[in-house]
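Enquirer:
There are 2 protein chains.
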Amino acid sequence: MVLVTTMAVDLESLRVLSTVVREGSFARAALALNKTQSAVSYQVHKLEQQLGTAVFDRSAYRAELTPVGERILVEGQRLLDQAQYVSSLVEQFAEGWEPRLELVVDGMLPSARLLAVLKEMADLNIPTHIQLRVEFLGGVGQRFEQAGAELMLTLVPLSDTRLSVQALADLETVLVVAPEHPLALAKGAELAVLQQHVELTVHDSSYSKAHGGTQTFGGERVFYLSDFRAKKEALMMALGYGWMPLDQVESELQAGTLVELDYLGGSRHRYTPMLVRRLDQPVGRAGQLLSEKLQQQFGLNS
Amino acid sequence: MVLVTTMAVDLESLRVLSTVVREGSFARAALALNKTQSAVSYQVHKLEQQLGTAVFDRSAYRAELTPVGERILVEGQRLLDQAQYVSSLVEQFAEGWEPRLELVVDGMLPSARLLAVLKEMADLNIPTHIQLRVEFLGGVGQRFEQAGAELMLTLVPLSDTRLSVQALADLETVLVVAPEHPLALAKGAELAVLQQHVELTVHDSSYSKAHGGTQTFGGERVFYLSDFRAKKEALMMALGYGWMPLDQVESELQAGTLVELDYLGGSRHRYTPMLVRRLDQPVGRAGQLLSEKLQQQFGLNS
DNA sequence: TTATCTTGATCAGTTTATTTGATGGTGTTG
DNA sequence: CAACACCATCAAATAAACTGATCAAGATAA
């Protein structure tokens, strides 16, 4: 007989081991576990056989843990706790906590606020795994559809009767360039002037062709960046001009490392972030909580 | 029948769940596990019953994980890994790695070197739990005896034929005060002069009364600190004078925030740290390794 | 010291858990 | 449509776990 034991320990043996140590003897452990003493003895022997080593030293009157046994006890306890956690998870799911929750947000939104909300959620020790996905413009909605996310925070208006849309407080974007860029000196620039320069824009991750013309304008020579971090760096290197969320360039504007463009069409633009969820799917407790915290953090539309 | 189930999951069911997902179907999982398809079905049902919730959605042709099932899979996998770890531990113990190893060291020894050694050990991913205890002077030997530690690094010579003693490279201590302390100005101070001031000393944690007079000298007004960190702070606050391990005050001496006392009896003193282990106990692999690394880090006595 | 108690092992017999092998319904594939 | 793969289900077989009784040895108390 070839002995290729997978060495599987089993939780019941570990539970018995733990009880024996806690209660101090096989017999009292048996009492605590509603078993007979011989059943306890059996489980201990089984554990020792599975491990291939003695867990108790029986040379004395009372069985004492061997050094190995002590470590097994400690590690086994961890195992039991983990097992307990697994079952408690299920209970919590039964109480309305969803196993997972996906939130898609637009990268233009102030990430500090978003992280604050997520930290609050994490601190509550909720059983739900929350997945955050960052997309841009149309990409948000697309991801929401495709990945079956529960919530999204988008800037692109949509009309689907199966969706619940809650407008949040407006966000401002501002048209900026580096101070050494030629456009920084322009007073009351017209669109035609802008078109002679490179516009920096964040790549819309949706593949949809047509979307409202307001996202990208001008646009003879457009340079695409993957996100606003990269875009800000490019702007500061005077690679071109472009729109940035106000909160992400406030300190640069104050420090003068970026300046607001004086554009006739208006150098500021307002977006309305919208918190969207599906009406045809029930909201779990984590989704409910997250929605409330987002509304609180971002403020309702006035 | 009262249903007060403790909700115990069992590892076998989780193993089956994991295999079903990996293999893609109940039948192929059965093949992989050397069971029949109906045994797999049975285990899955058992798991679902134990958890009180569906793990697979059977409405489609192939069974698909429910959202809850996905989380159970992930957490269950962690559980299985942990279980695997528990059995692998035992294998390693069988290969000569001791379950635990206690090292008692004198707090006067340079802690950076000690930590470097411990980090090296930790990086090797050894199954042994290494416990470090810091004591002072006679307290080291006492703890070694009493707690049954495997190794110690002590400064106090001892003669026990059952111990193996390996001398390491000498350590230097230096007599220092704060520059604003009156003693800082003293030239060639004698013992009588020192005795007029407060001596700071680390409390010997052993309760033994008599020990070699060299540890604490002078000693009319002695102030006891719990460790060298506290002692250094007290010294810098000019609370008194005292011996410090050279390596712990080197930067202060250079910066001038502490100065070496000009004492006729010699303002430097050498200690010989000794690595001690028991001859009557076999050394495990971790103890062997740790000894080697300590000798390497601290250097052999020349 | 003896009588009594506790500790844990062991064994035959019983109960319970798990597996098997066969069958059936349903959806998929070529 | 025929052949196949998916999973459920059931009775019977097998394996695992437990019981209750008994034993030897160390502890405990009169």
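Protein sequences, first through last, are from chains A and B.
As numbered in this note's numbering, residues 188 to 489 make up the first sequence, in order.
As numbered in this note's numbering, residues 188 to 489 make up the second sequence, in order.
Note that the Cβ used here is the ideal one computed from N, Cα and C, for glycine as well.
Owing to the predicted nature of the structure, the values given are computational and were not obtained by experimental measurement.
Using DSSP's beta-bridge definition, name the partner residues of T341 of chain B.
Expert: Here residue 341 of chain B corresponds to residue number 154 of the second sequence, with the count starting at 1. Bridge partners of T341 of chain B: B:M461.
Enquirer: In terms of alpha-carbon separation, which member of B:V196, B:G486, B:S413 lies closest to D268 of chain A?
Expert: Mapped onto the first sequence, residue 268 of chain A falls at position 81. When only C-alpha atoms are compared, the closest one is B:V196.
Enquirer: Please identify, using Cβ separations under 9 Å, the residues of the segment 208-242 of chain B that lie next to chain A, in order along the chain.
Expert: For the segment 208-242 of chain B, which is checked against every Cβ of chain A, the residues closer than 9 Å are Q237, L238, G239, T240.
Enquirer: So, does the CB of A247 of chain B fall closer than 7 Å to a CB anywhere in chain A?
Expert: The count along the second sequence starts at 1 and reaches residue 247 of chain B at position 60. No, no contact with chain A.
Enquirer: Just how far apart, CA to CA, sit V208 of chain B and G471 of chain A?
Expert: As a working mapping, residue 208 of chain B is identified with position 21 in the second sequence. As a working mapping, residue 471 of chain A is identified with position 284 in the first sequence. Going from the Cα of V208 of chain B to the Cα of G471 of chain A covers about 26 Å.
Enquirer: Between the Cα of Q475 of chain B and those of B:Q382, B:L288, B:E420, spot the shortest distance and give me the residue it belongs to.
Expert: Locating residue 475 of chain B in the second sequence gives position 288, counting from the first residue. Minimum Cα distance to Q475 of chain B is reached at B:L288.
Enquirer: Alpha carbons only, please: which of B:Y229, B:S225, B:E257, B:G263 is nearest the one belonging to L198 of chain B?
Expert: Numbered from its first residue, the second sequence carries residue 198 of chain B at position 11. Comparing Cα positions, the closest option is B:G263.
Enquirer: On the three-state DSSP scale, how would you describe G170 of chain A?
Expert: No statement about residue 170 of chain A is possible, as the shown extent of chain A runs from 188 to 489 and does not include it.
Enquirer: For V255 of chain A, would you say it is in contact with chain B, using Cβ-to-Cβ distances shorter than 7 Å as the test?
Expert: In the first sequence, the residue the question calls residue 255 of chain A occupies position 68. Yes - at least one Cβ of chain B is within 7 Å of the one on V255 of chain A.
Enquirer: Closer than 6 Å by C-beta to I313 of chain A: which residues in its own chain qualify, once you throw out the five before and the five after it? Chain order, please.
Expert: As a working mapping, residue 313 of chain A is identified with position 126 in the first sequence. So the qualifying residues of the chain are A473.
Enquirer: Given that a residue counts as buried once 16 or more other Cβ atoms are within 10 Å of its Cβ, and exposed if not, what is D310 of chain B?
Expert: The residue given as residue 310 of chain B occupies position 123 in the second sequence. Exposed.
Enquirer: For R320 of chain B, write down the residues that DSSP places opposite it in a beta bridge.
Expert: Here the question's residue 320 of chain B lines up with position 133 in the second sequence. According to DSSP, which records beta bridges pairwise, R320 of chain B is partnered with B:V291.
Enquirer: So G480 of chain A packs on V304 of chain A, CB below 8 Å; how close in whole Å?
Expert: Residue 480 of chain A sits at position 293 when you count from the first residue of the first sequence. Residue 304 of chain A sits at position 117 when you count from the first residue of the first sequence. According to the sequence displayed, residue 480 of chain A carries Lys and not Gly. 5 Å between Cβ atoms; contact.
Enquirer: Which residues in chain B sit within 8 Å of A473 of chain A, going by Cβ to Cβ distance?
Expert: What you label residue 473 of chain A is simply residue 286 of the first sequence in a count that begins at 1. By Cβ distance, chain B contributes nothing, its closest Cβ being about 12 Å from A473 of chain A, past 8 Å.
Enquirer: What does the alpha-carbon distance come out to for the pair D293 of chain A and L319 of chain A?
Expert: Here residue 293 of chain A is taken as the residue at index 106 of the first sequence, counted from 1. Here residue 319 of chain A is taken as the residue at index 132 of the first sequence, counted from 1. If I take the Cα positions, the gap works out to 11 Å.
Enquirer: Under 7 Å, do F213 of chain A and S228 of chain A count as touching if we go by C-beta distance?
Expert: Position 26 of the first sequence holds residue 213 of chain A. Position 41 of the first sequence holds residue 228 of chain A. Contact flag set, yes.
Enquirer: Please confirm whether A270 of chain B has its beta-carbon closer than 7 Å to some beta-carbon of chain A.
Expert: Residue 270 of chain B sits at position 83 when you count from the first residue of the second sequence. Judged by the 7 Å Cβ criterion, A270 of chain B is in contact with chain A.
Enquirer: Is it the case that the segment 357-365 of chain B contacts the segment 440-449 of chain B, given that we only count it when at least three CB pairs across the two stretches are under 8 Å?
Expert: Flag = yes, the segment 440-449 of chain B and the segment 357-365 of chain B touch.
Enquirer: Quick check: the Cα distance between I259 of chain B and V242 of chain B, rounded to an integer number of angstroms?
Expert: Along the second sequence, one-based indexing puts residue 259 of chain B at 72. Along the second sequence, one-based indexing puts residue 242 of chain B at 55. Looking at the two C-alpha atoms, the distance is approximately 8 Å.
Enquirer: What does the Cβ neighbour count give for S395 of chain B, buried or exposed, with the cut at 16 atoms within 10 Å?
Expert: Residue numbering aside, residue 395 of chain B sits at position 208 when the second sequence is read from its first letter. Summary for S395 of chain B: the model assigns pLDDT 38, below 50, so the residue's position carries little reliability, and this model does not support an answer.
Enquirer: Curious, which full-length alpha helix (DSSP H) runs of at least 4 residues does the segment 232-311 of chain A contain?
Expert: List check, alpha helix (DSSP H) in window: 254-281, 298-310.
Enquirer: Using the Cα positions of E244 of chain B and L238 of chain B, report the straight-line distance between them to the nearest angstrom.
Expert: Translated into the one-based positions of the second sequence, residue 244 of chain B becomes position 57. Translated into the one-based positions of the second sequence, residue 238 of chain B becomes position 51. Glu is not the amino acid found at residue 244 of chain B; the sequence shown has Asp there. Each residue's Cα considered, the two are about 15 Å apart.
Enquirer: How is Q230 of chain A classed by DSSP in three states: helix, strand or coil?
Expert: If you number the first sequence from 1, residue 230 of chain A lands on position 43. Here Q230 of chain A sits in helix by DSSP.
Enquirer: For L266 of chain B, go through chain A and note every residue whose CB falls closer than 8 Å to its CB, in chain order.
Expert: The sequence position of residue 266 of chain B within the second sequence is 79, counting from 1. Per Cβ cutoff of 8 Å: L266, Q269, A270, V273.
Enquirer: Going by DSSP, which residues form a beta bridge with P432 of chain A?
Expert: Residue mapping note: residue 432 of chain A aligns to position 245 of the first sequence, counting from 1. DSSP output for P432 of chain A lists A:T360 as bridge partner(s).
Enquirer: Can you say whether P308 of chain B is buried or exposed, counting buried as having 16 or more other CB atoms within 10 angstroms of its CB?
Expert: Sequence index remark: in the second sequence, residue 308 of chain B carries index 121 (1-based). The sequence as given places Met at residue 308 of chain B; Pro does not occur at that position. So M308 of chain B ends up on the buried side.
Enquirer: Buried or exposed: which applies to T139 of chain B, given that a residue is buried once 16 or more other Cβ atoms fall within 10 Å of its Cβ?
Expert: The requested residue 139 of chain B is not part of the displayed model; chain B covers only 188 to 489.
Enquirer: Do G375 of chain B and L451 of chain B have their C-beta atoms closer together than 7 Å?
Expert: Start at 1 with the first residue of the second sequence, and residue 375 of chain B comes out as number 188. Start at 1 with the first residue of the second sequence, and residue 451 of chain B comes out as number 264. In this structure, L451 of chain B lies closer than 7 Å to G375 of chain B by Cβ.
Enquirer: Quick one, which of A:D357, A:R465, A:A219, A:K222 has its alpha-carbon nearest R455 of chain A's?
Expert: Position 268 of the first sequence, counting from 1, holds the residue named residue 455 of chain A. The shortest C-alpha separation from R455 of chain A is found at A:D357.
Enquirer: Are the CB atoms of L372 of chain B and Y428 of chain B nearer to each other than 7 Å?
Expert: By one-based count along the second sequence, residue 372 of chain B stands at place 185. By one-based count along the second sequence, residue 428 of chain B stands at place 241. No, Cβ-Cβ distance for L372 of chain B and Y428 of chain B is not below 7 Å.
Enquirer: Any beta-carbon of chain B closer than 7 Å to the one on V196 of chain A?
Expert: As a position in the first sequence, residue 196 of chain A is number 9, starting the count at 1. With 7 Å as the cut-off, V196 of chain A counts as an interface residue toward chain B.
Enquirer: Locate the beta strand (DSSP E) running through A365 of chain A, then write down its first and last residues.
Expert: On the first sequence, residue 365 of chain A is found 178 positions in, with the first residue counted as 1. Unbroken run through A365 of chain A: none, as it is neither H nor E.
Enquirer: In the DSSP assignment, what are the bridge partners of S174 of chain B?
Expert: Absent from the structure is residue 174 of chain B, since the part of chain B shown begins at 188 and ends at 489.
Enquirer: Taking only beta-carbon positions, decide if V364 of chain A is within less than 7 Å of chain B.
Expert: Position 177 of the first sequence holds residue 364 of chain A. Answer no: the Cβ-Cβ gap between V364 of chain A and chain B never drops below 7 Å.
Enquirer: Quick one, are the C-beta atoms of L466 of chain B and Q353 of chain B less than 7 Å apart?
Expert: Here residue 466 of chain B refers to the residue found at position 279 when the second sequence is read from its first residue. Here residue 353 of chain B refers to the residue found at position 166 when the second sequence is read from its first residue. No. Outside cutoff.
Enquirer: Taking only beta-carbon positions, decide if T401 of chain A is within less than 7 Å of chain B.
Expert: Looking up residue 401 of chain A in the first sequence gives position 214. Unreliable placement is indicated for T401 of chain A, whose pLDDT of 36 sits below 50; no coordinate value is reported for it.
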